[in-house]
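Structure first, then comments.
Residue numbers (my numbering): 94 to 171.
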């Protein structure tokens, strides 16, 4: 399957309907490899971000929020 698309002055392209139907997703990952652009559908956004969390411990949101509040309070005292 091959189509031609025009890049607008804003850097946008319209993906032809046939390709959108084939991808069956409103979110895609765009990767450039050896001057070739690859577009892959993302079914689960959280799953797409998982590679960035590999090997990292997840801190509970409540702990992050408490730390931020402490920093804000500390900055206001200074």
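Think of the CB as a built atom: it goes at the ideal place given N, C-alpha and C, for glycine as much as any other residue.
Because the structure is a prediction, the values reported are computed rather than measured.
Residue 121 - partner residues in DSSP beta bridges: On the chain shown, residue 121 is found 28 positions in, with the first residue counted as 1. DSSP output for residue 121 lists 134 as bridge partner(s).
Those residues which DSSP pairs with residue 126 across a bridge: Your numbering for residue 126 matches position 33 in the chain shown. Looking at the DSSP assignment, residue 126 forms a beta bridge with 129.
Taking the alpha-carbon positions, what's the residue 109 to residue 95 distance? In the chain shown, the residue the question calls residue 109 occupies position 16. In the chain shown, the residue the question calls residue 95 occupies position 2. Residue 109 and residue 95: Cα-Cα distance of roughly 10 Å.
Could you give the distance in angstroms between the alpha-carbon of residue 102 and the alpha-carbon of residue 162? Here the question's residue 102 lines up with position 9 in the chain shown. Here the question's residue 162 lines up with position 69 in the chain shown. When rounded, the distance between both Cα atoms is 43 Å.
Can you tell me the Cα-Cα spacing of residue 121 and residue 148, whole angstroms? Here residue 121 refers to the residue found at position 28 when the chain shown is read from its first residue. Here residue 148 refers to the residue found at position 55 when the chain shown is read from its first residue. Taking the straight line joining both Cα atoms gives about 24 Å.
Am I right that residue 118 and residue 135 are in contact with their C-beta atoms under 8 Å? What's the rounded C-beta distance? Position 25 of the chain shown, counting from 1, holds the residue named residue 118. Position 42 of the chain shown, counting from 1, holds the residue named residue 135. Their Cβ separation, rounded to whole angstroms, is 6 Å, which keeps residue 118 and residue 135 in contact under 8 Å.
With DSSP collapsed to three states, give me the class of residue 98. Position 5 of the chain shown, counted from the start, is the residue given in the question as residue 98. Reduced to three states, the DSSP call for residue 98 is coil.
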